[in-house]
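Colleague: One structure is given below, represented as structure tokens, and several questions about it will come after.
Numbering (the numbering used here), first residue to last: 7 to 192.
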């Protein structure tokens, strides 16, 4: 079993992770994903291939780790003044980002690198954190709020199903319809 990277390590480990992740992102843009090899990534990152193998195990696990980090939201969801408005905007953006060619590639890589489901769990955790933020804000405003898992089941899960298994990406109207369903028509 290959070692798994630690979450947000510090010191040299953090520098190596950032250098290798940056190298992967740059090389994908320059030569495409199919041209990547561990030695090519290591050379670009300024580390030895053995460093990459020791930390990530193989190229697929490295690509998976990069994908999971790219799927991590960079900011809290927008506060638009109501739960409905917050969730509508978030769901539209989520569907759009995940359905994009790069979003689909990141989802694929995240899942392929961790057949045990750990990366899927990390990605699901990111969505749950975003939803929790919106629900907490709404509760502080005095709005009734559903359970986080209900929003995941009624908004996130159908969007991901559509992206993975149905032709054509989900559109903004579909995302808003899912939010309305999750909120019980509120």
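Glycine included, every Cβ here is placed at the ideal spot set by N, Cα and C.
These figures come from a predicted structure and were not determined experimentally.
Leaving out five residues on either side along the sequence, give the residues of the same chain with a beta carbon under 7 Å from the beta carbon of residue 74.
Modeller: Residue mapping note: residue 74 aligns to position 68 of the chain shown, counting from 1. So the qualifying residues of the chain are 116, 125, 128 and 129.
Colleague: Measure the C-alpha to C-alpha separation of residue 175 and residue 62 and round it to an integer number of angstroms.
Modeller: Locating residue 175 in the chain shown gives position 169, counting from the first residue. Locating residue 62 in the chain shown gives position 56, counting from the first residue. When rounded, the distance between both Cα atoms is 32 Å.
Colleague: Can you tell me whether DSSP reads residue 7 as helix, strand or coil?
Modeller: Numbered from its first residue, the chain shown carries residue 7 at position 1. Any reading at residue 7 must be qualified, since the residue scores a pLDDT of 40, below 50, and its modelled position is unreliable; the value itself is stated next. If DSSP states are grouped into helix, strand and coil, residue 7 belongs with coil.
Colleague: Quick check on residue 113: buried or exposed, where buried means 16 or more other Cβ atoms within 10 Å of its Cβ?
Modeller: Indexing the chain shown from 1 puts residue 113 at position 107. Under this definition residue 113 is a buried residue.
Colleague: Along the chain, where does the alpha helix (DSSP H) that runs through residue 115 open and close?
Modeller: As a first step, residue 115 is located in the chain shown; it is residue number 109 there, counting from the start. Counting along the chain, the alpha helix (DSSP H) containing residue 115 begins and ends at 107 to 118.
Colleague: Compute the beta-carbon to beta-carbon distance between residue 30 and residue 42, rounded to the nearest angstrom, for a pair I have assumed lies under 8 Å.
Modeller: On the chain shown, residue 30 is found 24 positions in, with the first residue counted as 1. On the chain shown, residue 42 is found 36 positions in, with the first residue counted as 1. Confirmed, about 7 Å.
Colleague: Smallest Cα separation from residue 150: which of 85, 90, 95 and 19?
Modeller: If you number the chain shown from 1, residue 150 lands on position 144. Checked all of 85, 90, 95 and 19; the closest Cα to residue 150 is 90.
Colleague: Would you mind listing the alpha helix (DSSP H) stretches within the region 53 to 113 that are 4+ residues and don't spill past its ends, in chain order?
Modeller: Entirely contained in the region 53 to 113, the alpha helix (DSSP H) runs reaching 4 residues are, in chain order, 55 to 62, 65 to 77 and 89 to 105.
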